[in-house]
Ligand code: FES
């Protein structure tokens, strides 16, 4: 990447999707560390970042992963396994089997 900032490189630098993987108490006990590691091992689409996150208030149904996309509703995934990471970053469509039923009651 060039050191020169152009409008194109600036647009590329804008993060469009952030995946927050809870790394707190209950989720850690349910292997959320392995889930975060799985996200960090796959190739992420442009504009996507993955971060360790704090408690999302859904501790009983972890590991929890929150997906925030610019201009779209936030997706709250629960009971996420490492093997779900690829699917979560590859589609902007909600993955119904992973949606938190309390927060996506009408989804
Ligand atoms: S510990 Fe993960 S949501 Fe609370």
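Numbering (my numbering), first residue to last: 72 to 178.
Here a beta-carbon is modelled for each residue, glycine too, at the ideal position from N, C-alpha and C.
- Annotation for residue 145: 137, 138 and 139 place their beta carbon closer than 8 Å to its own, counting only its chain and skipping 5 residues before and after.
- From the listed residues 126, 148, 97 and 153, the smallest Cα separation to residue 163 is found for 148.
- Take the alpha-carbon of residue 118 and the one of residue 157: they are about 15 Å apart.
- In this structure, the beta-carbon distance from residue 92 to residue 142 does not fall below 8 Å.
- Beta-bridge partners assigned by DSSP to residue 140: 88.
- In the structure shown, residue 126 falls within a coil segment according to DSSP collapsed to helix, strand and coil.
- Going by beta carbons, residue 90 and residue 159 fall inside the 8 Å limit.
- Put simply, of 109, 120, 150 and 110 the residue whose alpha carbon is nearest the alpha carbon of residue 100 is 150.
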